[in-house]
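Accompanying notes for the structure given below.
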Amino acid sequence: MERNTLIECVDYFHQNKAFHRLLLLMKEKIESLGRIGGTVRLEELNDEEREAFTAFFRKDFTKNTEARISLQDFRKSLESSRFQSVLIPELLEMYFNSPVIFKKDKELCSEILKNDFFIHIALEFEGTKAEEWLLDVYTRKNNAYMTIIGGYNESPALLQKELKAVCKAIVHLPFQNNKYKSLPVFAAEMTKDPHAFDINTRAGRLLQYAIAWLFSRNVADSPEEKAEMYYHAGLMIDDLSNQVLCCGFEACADGEPHGGWSGFSKKWQPISIPLAALSQVNKLTAPNGRVLVVENPSIFSLLSEPCREKRTALVCTFGQPNLAVYVLLDMAVNNGAKLFYSGDMDPEGLLIADRLKDRYGDNLNLKGYSPEVYYKSISNIALSEPRIKKMKSICDPDLRIIAQAIAETGKAAYQEAFVRVNGDTLFI
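When the letters of the sequence shown are read in order and numbered with my numbering, they come out as residues 819 to 1246.
Structure representation (structure tokens):
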């Protein structure tokens, strides 16, 4: 093929703009198939296209609103013209000033570029958990893989910045030094932006994936699970408003008795401890080795004096336990305390009790969960069917007995009635 002929052919099609859509579709078809073949479809033909196609293909398109043209037909028409020596790929490459790249070659090239992208970042953190995480995600295509690929397709440069920030965060997570920091403070230290790792950002989601990978866990579904997972990594999402109401505990910080805790304990006064303060304590003790955990603040208040007399530490969950509650109870159990829990005998209360029993096992005893107490304390409040169905997931045998009784009566029993009917000794 003479180059002059190719140039003339390209000039011809440049001058006849009616062929532009057709040539574009042909290039896409060839790249997709990996060969010259197939058929392209042009919709809503204009007058210029109808006239040009009729002349070039020697076929009447004048009344057509659309055209289906095979690449073989285009080649035959080209071969029957003065451009018979011109090959379609060369025509398309010169016309669009870009190479014809088959889809499989594009994919291979893209994979090579992605591989280089990951390796380049991983090498910056060679020998660290950040490198392990990044390479594991890329090779196994799990964890944060889809989030990372989505970011790569949008903007490799932005993703690179985010991944480097997350990798830096992995290397410097506070738990490695037995420390705790609020998430915004940590984010500012890593990136100079306190909101860099907010969960509504991609970097925040990537950090969540990385922390889950570090502890061999799935990504948390609920805010409570996420807060606990971050706390294990030394990060506090909600360090001040996440609090626990308690009474009677002694605490140590850096091996020394904590004066603030001691003062409240001696006077047996209730204290609301934020997560930030709990994170500064490394030892927690209950005076007699027993901790009573109740669901409702009214019961906490009612039992405060009887607990003082028996030197039994007291905790209120205010319904569903938050992270501060779990951190406090974990510390107490780790120091040898025995937990005793009592909550409402309604679907939500039983589910709370079941989760606590599952978490602490033999270190937690359930108080007052018997059919006798339930029937003595039963209320007149009818439960809806959806609420009753919640109890199907309960695992503890004793709680399942109460759940069955509730399902049969359709009524709940509440802690305030337990105390009125049975007295304080039921709990302490």
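Quick reminder that beta carbons are idealized off the backbone N, C-alpha and C, glycines included.
**Report entry** Assigned secondary structure, Leu-847 (DSSP; H/G/I helix, E/B strand, else coil)
**Finding:** The amino acid at residue 847 is misidentified as Leu; the sequence shows Lys. The answer is helix: DSSP assigns Lys-847 an H, G or I state.
**Report entry** chain C within 8 Å of Ile-1017, Cβ atoms only
**Finding:** The displayed structure is made up of one protein chain only, and chain C is not part of it.
**Report entry** Distance between beta carbons of Lys-1156 and Asn-1181, contact taken as under 8 Å
**Finding:** Confirmed, about 6 Å.
Report task. Under 8 Å by Cβ, that's how I've got Lys-845 and Val-918 pegged, so tell me the actual separation to the nearest angstrom. Result -> Indeed they touch by this definition, with Cβ atoms about 6 Å apart.
Query raised in the report: Taking the C-alpha atoms as reference points, what is the distance between Ile-825 and Arg-886?
Result: Going by the C-alpha atoms only, they are around 27 Å apart.
Query raised in the report: What number of angstroms, rounded off, separates the C-alpha of Val-1003 from the C-alpha of Gln-1138?
Result: About 28 Å.
Requested in this report: Measure the Cβ-Cβ separation of Ala-1069 and Trp-1079 and say whether it is below 8 Å.
Outcome: Going by C-beta atoms, Ala-1069 is nearer than 8 Å to Trp-1079.
Query raised in the report: Between Val-989 and the rest of its own chain, which residues show a CB-CB distance below 6 Å, the 5 nearest in sequence each way excluded?
Result: Here the set comprises Thr-946 and Ala-948.
Query - DSSP-derived helix/strand/coil call for Ala-1221 - result: Residue state, collapsed to three classes: helix.
Query - Backbone CA spacing between Leu-851 and Lys-921 [nearest angstrom] - result: Between Leu-851 and Lys-921, the C-alpha separation is close to 7 Å.
Query raised in the report: When you compare only the Cα positions, how much space is there between His-1076 and Leu-1096?
Result: Their Cα atoms are separated by approximately 11 Å.
Query - Whether Ala-1014 touches Ala-1005 by CB criterion (8 Å) - result: Taking 8 Å as the cut-off, the beta carbon of Ala-1014 is found closer than this to the beta carbon of Ala-1005.
Query - Under the three-state DSSP convention, the category Thr-857 falls into - result: Note: Thr-857 maps to strand in three-state DSSP.
**Report entry** Beta-carbon proximity list for Thr-823, same chain, < 7 Å, skipping 5 on both sides
**Finding:** Excluding sequence neighbours, Thr-823 sits near Phe-901, Ser-903 and Val-904.
Query raised in the report: Rounded to whole angstroms, how far is the Cβ of Pro-1092 from the Cβ of Asn-1060, which I believe are closer than 8 Å?
Result: Right, the Cβ-Cβ distance comes to about 7 Å (below 8 Å), so this counts as a contact.
Query raised in the report: Mind checking Ser-1160: buried by the 16 CB within 10 Å criterion, or exposed?
Result: With 16 or more other Cβ atoms within 10 Å, it is buried.
Requested in this report: Would you identify the three-state DSSP class for Thr-1019, choosing helix, strand or coil?
Outcome: Taken through DSSP and simplified to helix, strand or coil, Thr-1019 comes out as coil.
Requested in this report: Pick out whichever of Cys-1125, Leu-1102, Met-1163 and Leu-1132 has its Cα sitting closest to the Cα of Val-1112.
Outcome: Proximity to Val-1112 across Cys-1125, Leu-1102, Met-1163 and Leu-1132 peaks at Leu-1132, based on C-alpha coordinates.
Report task. Assuming Phe-1158 and Thr-1103 form a contact by the criterion Cβ under 8 Å, report the distance between their Cβ atoms to the nearest whole angstrom. Result -> Cβ-Cβ separation between Phe-1158 and Thr-1103: approximately 16 Å, too far for a contact (criterion under 8 Å).
**Report entry** Residue closest to Leu-1141, alpha-carbon to alpha-carbon, out of Gln-1098, Leu-1169, Glu-1042 and Ser-1116
**Finding:** Ranking Gln-1098, Leu-1169, Glu-1042 and Ser-1116 by Cα distance to Leu-1141 puts Glu-1042 first.
**Report entry** Stretch pair the segment 968–979 + the segment 1038–1053: three plus CB contacts closer than 8 Å
**Finding:** No, they do not touch.
Query - Same chain, Cβ closer than 7 Å to Gln-833, neighbours up to 5 away in sequence not counted - result: None.
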